[in-house]
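Note sheet for the following structure.
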Amino acid sequence: MNDTGRKLKPVPLPDAEVYFSAHFFNPEQSDVYLQELLQQVNWQQESIKLFGKLQPMPRLTAWYGDKGYTYSGLENKPQPWLPVLQELREQVEQASRQQYNSVLLNLYRTGQDSMGWHADNERELGQEPSIASLSFGGERRFALKHRSRKDVDALRITLNHGSLLLMQGPTQHHWLHHIPKTSKPVQPRINLTFRYVHG
1 MNDTGRKLKP
11 VPLPDAEVYF
21 SAHFFNPEQS
31 DVYLQELLQQ
41 VNWQQESIKL
51 FGKLQPMPRL
61 TAWYGDKGYT
71 YSGLENKPQP
81 WLPVLQELRE
91 QVEQASRQQY
101 NSVLLNLYRT
111 GQDSMGWHAD
121 NERELGQEPS
131 IASLSFGGER
141 RFALKHRSRK
151 DVDALRITLN
161 HGSLLLMQGP
171 TQHHWLHHIP
181 KTSKPVQPRI
191 NLTFRYVHG
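Residues 1 to 199 in the UniProt record's numbering are what the sequence shown spells out, letter by letter.
Next comes the structure, spelled out in structure tokens:
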């Protein structure tokens, strides 16, 4: 999908269009980006309503870009692009041949920080959204499961330091994904999911 030597390779999944590069950035580049993001991003501990009660989200988050965005009942007002985020966006756009106007960042501080099963299928993302997911820091297990087909096994991918995962086409219609908790010692991880918000 790109000519820079950091190939995004297709992941064989039915009813989906998924690509992965385990080493989109080399370790030295990844170390620099991790430190810049830890220091420069305005991290927040947001709360969402579960079963009628406000609960703190099990990770820190930040939203940057040109558009606001609402998910899980949480309204995100955009913060202006940081130079490091612009730089990462340009490289991801070149590799994916897609355009993105917003990025959601998640900081998983320990193995107990997690993300529940969900699909990025909000109306503002369009019919077949492209979601480009960069990872820096500790390795975490990423899982995908088909919404309806019991004959299709769940898929697990290790998202390592400097990796890029691209989900597009019908993926969000047919598949759910999550980051489970782990009891293993793990370094903090930053995940950036670039997306195009319409409207």
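Backbone N, C-alpha and C define an ideal beta-carbon position, used for all residues, glycine too.
This structure is a prediction, so every number in the text was calculated from the model and none was measured.
| Item | Value |
| --- | --- |
| Cβ distance (whole Å) where asparagine 106 is taken to contact methionine 115 below 8 Å | 7 Å |
| Three-state class that DSSP yields for leucine 155 in the structure shown | strand |
| Of the listed residues Gly126, Asn42, Ala22 and Phe142, nearest to histidine 118 (C-alpha basis) | Phe142 |
| Element boundaries [beta strand (DSSP E), containing proline 10] | 9 to 11 |
| Cα-Cα separation between aspartate 31 and aspartate 120, rounded to whole angstroms | 28 Å |
| Selection from Pro129, Gly169 and Gly137 that minimises the alpha carbon distance to glycine 111 | Gly137 |
| Assigned secondary structure, leucine 88 (DSSP; H/G/I helix, E/B strand, else coil) | helix |
| 7 Å CB neighbourhood of glutamine 26 in its chain, flanking five on each side removed | Note on residue identity: the sequence assigns asparagine, not glutamine, to residue 26. Same-chain partners within the cutoff: Gly162. |
| DSSP three-state assignment for threonine 171, whether helix, strand or coil | helix |
| Where lysine 184 falls, given that 16 or more other Cβ within 10 Å makes a residue buried | exposed |
| Reduced DSSP category for aspartate 3 - H, G, I as helix; E, B as strand; rest coil | Residue confidence for aspartate 3 is low, a pLDDT of 44 falling below 50, so the modelled location carries little weight and cannot support an answer. |
| Where proline 83 sits in the DSSP three-state scheme | helix |
| Boundaries of the alpha helix (DSSP H) in which serine 30 is found, first to last residue | 27 to 40 |
| Simplified DSSP state of serine 114, which is helix, strand or coil | coil |
| Environment of asparagine 42 [buried if 16+ CB atoms lie within 10 Å] | exposed |
| Chain-order list of residues whose beta-carbon lies under 6 Å from that of threonine 182 (same chain, five-residue window excluded) | Gly111 |
| Separation of glutamine 45 from proline 56, as counted between CA atoms | 7 Å |
| Residue closest to leucine 164, alpha-carbon to alpha-carbon, out of Gln40, Ser47, Gln39 and Gln91 | Gln91 |
| Glycine 199 beta carbon less than 8 Å from that of glutamate 124 | yes |
| Alpha-carbon to alpha-carbon, isoleucine 48 and arginine 6 | 37 Å |
| Host beta strand (DSSP E) of histidine 146 (start-end) | 140 to 146 |
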